[in-house]
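There are 2 protein chains.
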Amino acid sequence: VRVEVLAIGTELLLGQIVDTNSAVIGEELAKAGIDCTFQAKVGDNLERIVRAFELALERADAVIACGGLGPTQDDITREAIAAVMGVRLERDPVALDQLERFFSSRRTAMAEANLQQADVPVGATLIPQVQGTAPGLICPVGDRVIYALPGVPSEMAEMLTRAVIPDLQVRSGEPAVILSRTLRTVGISEARLSELVAPRLEALDAAGPGAPTMAFLATADGVKVRLTVKASDDATAIARLQGEEEAIRAILGEVVYGVDDETIETAVGALLQERGWTLAVAESFTGGLIAARVVEAPGASIFFRGGVVAYDEAVKFEVLGVPRGPVVTAEAAIAMADGVRALLGADVAVSTTGAAGPTGQEGHPPGTGFIATAIAGRATVAEEMRVSGSRLRVREYGALRAMQLLRQRLLAL
Amino acid sequence: VRVEVLAIGTELLLGQIVDTNSAVIGEELAKAGIDCTFQAKVGDNLERIVRAFELALERADAVIACGGLGPTQDDITREAIAAVMGVRLERDPVALDQLERFFSSRRTAMAEANLQQADVPVGATLIPQVQGTAPGLICPVGDRVIYALPGVPSEMAEMLTRAVIPDLQVRSGEPAVILSRTLRTVGISEARLSELVAPRLEALDAAGPGAPTMAFLATADGVKVRLTVKASDDATAIARLQGEEEAIRAILGEVVYGVDDETIETAVGALLQERGWTLAVAESFTGGLIAARVVEAPGASIFFRGGVVAYDEAVKFEVLGVPRGPVVTAEAAIAMADGVRALLGADVAVSTTGAAGPTGQEGHPPGTGFIATAIAGRATVAEEMRVSGSRLRVREYGALRAMQLLRQRLLAL
Numbered sequence: 013v014r015v016e017v018l019a020i021g022t023e024l025l026l027g028q029i030v031d032t033n034s035a036v037i038g039e040e041l042a043k044a045g046i047d048c049t050f051q052a053k054v055g056d057n058l059e060r061i062v063r064a065f066e067l068a069l070e071r072a073d074a075v076i077a078c079g080g081l082g083p084t085q086d087d088i089t090r091e092a093i094a095a096v097m098g099v100r101l102e103r104d105p106v107a108l109d110q111l112e113r114f115f116s117s118r119r120t121a122m123a124e125a126n127l128q129q130a131d132v133p134v135g136a137t138l139i140p141q142v143q144g145t146a147p148g149l150i151c152p153v154g155d156r157v158i159y160a161l162p163g164v165p166s167e168m169a170e171m172l173t174r175a176v177i178p179d180l181q182v183r184s185g186e187p188a189v190i191l192s193r194t195l196r197t198v199g200i201s202e203a204r205l206s207e208l209v210a211p212r213l214e215a216l217d218a219a220g221p222g223a224p225t226m227a228f229l230a231t232a233d234g235v236k237v238r239l240t241v242k243a244s245d246d247a248t249a250i251a252r253l254q255g256e257e258e259a260i261r262a263i264l265g266e267v268v269y270g271v272d273d274e275t276i277e278t279a280v281g282a283l284l285q286e287r288g289w290t291l292a293v294a295e296s297f298t299g300g301l302i303a304a305r306v307v308e309a310p311g312a313s314i315f316f317r318g319g320v321v322a323y324d325e326a327v328k329f330e331v332l333g334v335p336r337g338p339v340v341t342a343e344a345a346i347a348m349a350d351g352v353r354a355l356l357g358a359d360v361a362v363s364t365t366g367a368a369g370p371t372g373q374e375g376h377p378p379g380t381g382f383i384a385t386a387i388a389g390r391a392t393v394a395e396e397m398r399v400s401g402s403r404l405r406v407r408e409y410g411a412l413r414a415m416q417l418l419r420q421r422l423l424a425l
Numbered sequence: 013v014r015v016e017v018l019a020i021g022t023e024l025l026l027g028q029i030v031d032t033n034s035a036v037i038g039e040e041l042a043k044a045g046i047d048c049t050f051q052a053k054v055g056d057n058l059e060r061i062v063r064a065f066e067l068a069l070e071r072a073d074a075v076i077a078c079g080g081l082g083p084t085q086d087d088i089t090r091e092a093i094a095a096v097m098g099v100r101l102e103r104d105p106v107a108l109d110q111l112e113r114f115f116s117s118r119r120t121a122m123a124e125a126n127l128q129q130a131d132v133p134v135g136a137t138l139i140p141q142v143q144g145t146a147p148g149l150i151c152p153v154g155d156r157v158i159y160a161l162p163g164v165p166s167e168m169a170e171m172l173t174r175a176v177i178p179d180l181q182v183r184s185g186e187p188a189v190i191l192s193r194t195l196r197t198v199g200i201s202e203a204r205l206s207e208l209v210a211p212r213l214e215a216l217d218a219a220g221p222g223a224p225t226m227a228f229l230a231t232a233d234g235v236k237v238r239l240t241v242k243a244s245d246d247a248t249a250i251a252r253l254q255g256e257e258e259a260i261r262a263i264l265g266e267v268v269y270g271v272d273d274e275t276i277e278t279a280v281g282a283l284l285q286e287r288g289w290t291l292a293v294a295e296s297f298t299g300g301l302i303a304a305r306v307v308e309a310p311g312a313s314i315f316f317r318g319g320v321v322a323y324d325e326a327v328k329f330e331v332l333g334v335p336r337g338p339v340v341t342a343e344a345a346i347a348m349a350d351g352v353r354a355l356l357g358a359d360v361a362v363s364t365t366g367a368a369g370p371t372g373q374e375g376h377p378p379g380t381g382f383i384a385t386a387i388a389g390r391a392t393v394a395e396e397m398r399v400s401g402s403r404l405r406v407r408e409y410g411a412l413r414a415m416q417l418l419r420q421r422l423l424a425l
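This is how it looks when you write it as structure tokens:
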């Protein structure tokens, strides 16, 4: 079966809410091996919603709609579907009963407006609510089908996995899974990366259907390589992904630092744990961001001692023992890393000092920083960084770069 | 003019990335008073991209496309637009020159693959890049137009406001603005808030067109009240928003802590600066998140001394002077706040200690924490918090709650 997604709501078009529902639906469909080739957003306008449904049903076997099932005047998804089906709405006693029980269980009077949430196009099947007030609907249109789900993300996701995906799998008949795996890289450009793997990509293309496909994605965290396979079952798909990951790692080597949700902090944490080492951080312009990212890594409580956010220069001098004088320097970064390593009794430390902006500092333009890495028994080294953009961007880049430099040093030991 | 948005990329359909670009475009179009009635997502498939453009151009005067301008094989937006225009691609010398300068300024060799980013449909105009490598394109199709923008959000947003919106405003001729303002509240439920402002809402409804509209949005950061007005010019719109903000503030009082992008940290920073006070933080389970949020507040360098991330309990004992013993206690939180205030020489301090999960600590379930606030010359007080959810959610709630408690204490002085 081929499926399209229609997210309904003027607030989505106006950008007042980011439509995350379509992404969740796309992900679940992919996992179930169901093709989704088109997704759209439309506002709370009856005529345009009807047109959007009709258009989608010309191209696809099923449409999953989300939003517009609420109790207010601009919730018109039910009316639009009834129009597409060519039927009228009828108040459903089961839906009405559920609504009444929802409100009485909360000892709240049901508003008159909620009654319309029990209206159902004749011929449609209810998907009962388990969280909120709007039931979902399965609405046959000839040999095709519209699923209507609430716009509240948790309610939508629950009905999607409970009712919609199983119904689509029954309709599709052929079981298939699509699985993806993302290799995360650092320190290599997208273009260079695609050059390196081009021969492998050609081999995959030549191998024809069933072979993994590959996509590149440039992000603030580095370039990601996403491998995707379609197979008849999970085991086959996983085996193919595994083989392909090994082939790509053989080509790219150390620039691959992790897979899927593994962050650079996770990679650094693993290197530290191999040696039984602990980490401390001293942060000026990154302002706690490195620490906040490190504590998200699994096992952080084993290897992370903590840190000092030395935002005011007095804290650098008095707490970390940085010599009085300019603080946006390699020397200050080195003194901060050494100072925090000693203060917190850690084996390894990383530090940042610099000007995040909007103004410069000590004659340096905003976006200038120094990052130092200290390892017990080895010389502490600092590197200058330059980056343009907002304060937040400068900080995020600094936090990422600090971990990259630490990873490089740990790998080179 | 009527505009549609087309986000291009298989990763969007698969839900591997949430399409935030369309929301940003929708928001900017709304601000400029330009109608956007439909937005769609399509994968990296030439035939389907071409069909999506053709369909959109049947309904709308302009299409803003984002994504698919990169250097890899799956970046095919340029080809698709050339097909829609019925022209071929030609390598543009200006675009090529920009690309070469981009790489030489970074002392990096340009990969062969990047050359295709200088390919332009004959008849299209370049939107020069100022950040990355992919230029944007303005592509006339008869009396209609396609704008092609990069998928990288910061590059997209920059070109949108610099080149696309002004071009659309020239094409549209009739000036109108839609402006919004969001009042941020804390410590009040959505239902209670809507009860309080119900009379005001009725008055606005009765006032008819031109009056501001109001929407409520429950978020992790508290309930937000969004006011929106449409007017013929900025000055009129701003005056109406201003009047309405005052009316709502008069009803809600102190629960309103900020407007638009003002965070709770900004509000706390303003209260501290009124008194010329400085702030220090001691963080255990929030792991640097409070500090990272505080340094984003304007003027942080004036009022923020810094902090200690005391993740390991040894750091609590040795650096902050917490008495040895259990650390997930009100007493430990108080000792941490007092300790960091003394260590960093600040007037005010806040601390967090607790179990973020996935496991509990010292017999407390995950999501249990203690938050203390210390103010020079006053008793330091602690509060227990309980929240369910992921480690990140527990941390984010703790960071928010710490600032809420500090704001309450500062307001009550």
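Here the protein sequences line up with chains A and B, keeping their order.
Under the working numbering, the first residue of the first sequence is numbered 13, with each subsequent residue one higher.
Under the working numbering, the first residue of the second sequence is numbered 13, with each subsequent residue one higher.
Backbone N, C-alpha and C fix where the C-beta goes; we use that ideal spot for every residue, glycine too.
**Asked** So who's on the other strand from A:Asp131, going by DSSP bridges?
**Response** The count along the first sequence starts at 1 and reaches residue 131 of chain A at position 119. Its beta-bridge partners are A:Arg103.
**Message:** Which residues of the stretch 314–328 of chain B have a Cβ closer than 9 Å to any Cβ of chain D? Give them in chain order.
**Reply:** Among the protein chains of the structure shown, namely A and B, there is no chain D.
**Request:** Indicate whether at least one CB of chain A lies closer than 9 Å to the CB of B:Ala251.
**Result:** On the second sequence, position 239 is the one that residue 251 of chain B refers to. Look at B:Ala251: its C-beta is not under 9 Å from any C-beta on chain A.
**Prompt:** According to DSSP, which residues form a beta bridge with A:Pro83?
**Reply:** The residue labelled residue 83 of chain A in the question sits at position 71 within the first sequence. Here A:Pro83 is not bridged, per DSSP, to any residue.
**Request:** Count the C-beta pairs between the stretch 272–286 of chain A and the stretch 199–206 of chain A that are closer than 8 Å, then say yes if the count reaches three, no if not.
**Result:** No, the stretch 272–286 of chain A does not touch the stretch 199–206 of chain A.
**Item:** Nearest residue (CA-CA) to B:Asp350, options B:Thr248, B:Phe115, B:Pro211 and B:Val331
**Value:** Position 338 of the second sequence, counted from the first residue, corresponds to residue 350 of chain B. Ranking B:Thr248, B:Phe115, B:Pro211 and B:Val331 by CA distance to the CA of B:Asp350 puts B:Val331 first.
**Prompt:** Quick one: any contact between the stretch 13–31 of chain B and the stretch 212–229 of chain A, if contact means 3 or more CB pairs under 8 Å?
**Reply:** With a cut-off of 8 Å, the stretch 212–229 of chain A and the stretch 13–31 of chain B count as touching, because enough Cβ pairs lie within range.
**Prompt:** Since A:Cys78 contacts A:Gly163 with CB under 8 Å, what's their CB separation in whole angstroms?
**Reply:** By one-based count along the first sequence, residue 78 of chain A stands at place 66. By one-based count along the first sequence, residue 163 of chain A stands at place 151. Contact holds; Cβ gap of about 5 Å.
**Item:** Neighbour-count burial assignment, A:Gln254, 16 or more Cβ in a 10 Å radius
**Value:** Residue mapping note: residue 254 of chain A aligns to position 242 of the first sequence, counting from 1. Of the residues assessed, A:Gln254 falls on the exposed side of the cut-off, its CB having fewer than 16 other CB atoms within 10 angstroms.
**Asked** How would you label B:Arg353, buried or exposed, when you count the other beta carbons within 10 angstroms and need 16 or more for buried?
**Response** Position 341 of the second sequence, counted from the start, is the residue given in the question as residue 353 of chain B. Classification of B:Arg353: buried, given that the 10 Å Cβ count is 16 or more.
**Request:** Pair every Cβ in the stretch 65–78 of chain A with every Cβ in the stretch 161–180 of chain A, then say whether three or more of these pairs are closer than 8 Å.
**Result:** Short answer: they touch.
**Prompt:** Just the Cα atoms here: how many angstroms apart are B:Val189 and A:Asp155?
**Reply:** Taking the first residue of the second sequence as 1, we reach residue 189 of chain B at position 177. Taking the first residue of the first sequence as 1, we reach residue 155 of chain A at position 143. Those two C-alpha atoms are separated by around 45 Å.
**Request:** Note down, in chain order, each residue of its chain lying with its Cβ closer than 7 Å to the Cβ of B:Glu40, except the 5 sequence neighbours on either side.
**Result:** Position 28 of the second sequence, counting from 1, holds the residue named residue 40 of chain B. The beta carbon of B:Glu40 sits closer than 7 Å to the beta carbons of Leu172, Thr173 and Ile177 from its chain, once the five residues preceding and following it are set aside; these are given in chain order.
**Asked** Looking at the C-beta of A:Gly379, does it have a partner C-beta in chain B at a distance below 9 Å?
**Response** Within the first sequence, numbered from 1, the residue matching residue 379 of chain A stands at position 367. Look at A:Gly379: its C-beta is not under 9 Å from any C-beta on chain B.
**Item:** Partners in chain B for A:Thr4, counting only beta-carbon separations shorter than 8 Å
**Value:** Beyond the ends of chain A as shown, which are 13 and 425, falls residue 4 of chain A; an answer cannot be given.
**Asked** Taking any Cβ of chain B, which residues in the stretch 39–63 of chain A have a Cβ under 7 Å from it, in chain order?
**Response** Per Cβ criterion, the list reads Glu39, Ala42, Cys48, Thr49, Phe50, Gln51, Ala52, Lys53, Val54, Gly55 and Arg60.
**Prompt:** Can you tell which of B:Asp104, B:Ser116, B:Gly98 and B:Phe115 has the C-alpha that lies nearest to the C-alpha of B:Pro152?
**Reply:** As a first step, residue 152 of chain B is located in the second sequence; it is residue number 140 there, counting from the start. Out of B:Asp104, B:Ser116, B:Gly98 and B:Phe115, B:Gly98 has the C-alpha closest to the C-alpha of B:Pro152.
**Item:** For B:Val393, the nearest candidate out of B:Leu417, B:Gly375 and B:Gly379 (CA to CA)
**Value:** Along the second sequence, one-based indexing puts residue 393 of chain B at 381. When each option's Cα is compared against that of B:Val393, the closest is B:Leu417.
**Element boundaries [beta strand (DSSP E), containing B:Thr137]** = Residue numbering aside, residue 137 of chain B sits at position 125 when the second sequence is read from its first letter. Segment Thr137 to Ile139, the beta strand (DSSP E) holding B:Thr137.
**Asked** At least one CB of chain B closer than 9 Å to the CB of A:Val307: is that the case?
**Response** Mapped onto the first sequence, residue 307 of chain A falls at position 295. Cβ-Cβ to chain B under 9 Å: yes for A:Val307.
**Request:** Give me the Cα-Cα distance between A:Thr84 and A:Asn126, rounded to the nearest whole angstrom.
**Result:** Counting from one through the first sequence, the residue named residue 84 of chain A turns up at place 72. Counting from one through the first sequence, the residue named residue 126 of chain A turns up at place 114. Going by the C-alpha atoms only, they are around 8 Å apart.
**Item:** Complete runs of the alpha helix (DSSP H) confined to the stretch 316–360 of chain A [at least 4 residues]
**Value:** Entirely contained in the stretch 316–360 of chain A, the alpha helix (DSSP H) runs reaching 4 residues are, in chain order, 325–330 and 342–356.
**Request:** Scan the stretch 240–304 of chain A and note each continuous beta strand (DSSP E) run of 3 residues or more that stays entirely inside, going in chain order.
**Result:** Restricted to the stretch 240–304 of chain A, the beta strand (DSSP E) segments that are unbroken, complete and at least 3 residues in length are 268–271 and 291–295, listed in chain order.
**Request:** With A:Gly148 as the anchor, note down where its beta strand (DSSP E) starts and where it stops.
**Result:** Position 136 of the first sequence, counted from the first residue, corresponds to residue 148 of chain A. Segment Gly148 to Val153, the beta strand (DSSP E) holding A:Gly148.
**Asked** Taking just the CA atoms, how far does B:Gln129 sit from A:Ala259?
**Response** For the purposes of this step, residue 259 of chain A is identified with residue 247 of the first sequence, where counting begins at 1. For the purposes of this step, residue 129 of chain B is identified with residue 117 of the second sequence, where counting begins at 1. Distance between the alpha carbons of A:Ala259 and B:Gln129: 28 Å.
**Closest residue to A:Gly199 among A:Gly222, A:Met168 and A:Val267 (Cα-Cα distance)** = Residue numbering aside, residue 199 of chain A sits at position 187 when the first sequence is read from its first letter. Measuring from the Cα of A:Gly199, the nearest candidate turns out to be A:Val267.
**Item:** chain A contacts from the stretch 228–241 of chain B (Cβ-Cβ distance under 7 Å)
**Value:** Answer set for the stretch 228–241 of chain B: Arg238.
**Request:** Examine the Cβ distances between the stretch 399–411 of chain A and the stretch 289–307 of chain A and report whether three or more of them are shorter than 8 Å.
**Result:** Counting Cβ pairs under 8 Å, three or more are found: they touch.
**Distance between A:Ala92 and A:Glu59 (C-alpha atoms, nearest Å)** = Within the first sequence, residue 59 of chain A is the residue found at index 47, counting from 1. Within the first sequence, residue 92 of chain A is the residue found at index 80, counting from 1. Each residue's alpha carbon lies about 8 Å from the other.
**Message:** Quick check on A:Thr290 - is its C-beta less than 9 Å from some C-beta in chain B?
**Reply:** For the purposes of this step, residue 290 of chain A is taken as the residue at position 278 of the first sequence. A:Thr290 counts as touching chain B.
**Prompt:** Which residues in the same chain as A:Asp131 place their Cβ atom closer than 6 Å to its Cβ, once the five residues preceding and following it in sequence are excluded?
**Reply:** Counted from its first residue, the first sequence places residue 131 of chain A at position 119. Excluding sequence neighbours, A:Asp131 sits near Arg90, Leu101 and Arg103.
**Selection of the stretch 15–26 of chain B by Cβ proximity to chain A, strictly under 9 Å** = Of all residues in the stretch 15–26 of chain B, those with a C-beta nearer than 9 Å to a C-beta of chain A are Val17, Ala19, Gly21, Thr22, Glu23, Leu24, Leu25 and Leu26, reading in chain order.
**Item:** Euclidean distance between Cα positions of A:Val235 and A:Arg196
**Value:** In the first sequence, residue 235 of chain A corresponds to position 223, counting from 1. In the first sequence, residue 196 of chain A corresponds to position 184, counting from 1. Cα to Cα, the separation comes out at about 6 Å.
**Request:** Determine which residues of the stretch 330–342 of chain B have a Cβ less than 8 Å from any Cβ of chain A, and write them out in chain order.
**Result:** Cβ contacts with chain A come from Glu330 and Val331.
**Prompt:** Starting from A:Val36 and walking both ways along the alpha helix (DSSP H), at which residues does that stretch end?
**Reply:** Working through the first sequence from its first residue, we reach residue 36 of chain A at position 24. Start and end: Asn33 to Lys43.
**Asked** Considering only residues of the stretch 157–198 of chain B, which uninterrupted beta strand (DSSP E) runs meet the minimum length of 3 residues and lie entirely inside it, listed in chain order?
**Response** Listed in chain order, they are 189–197.
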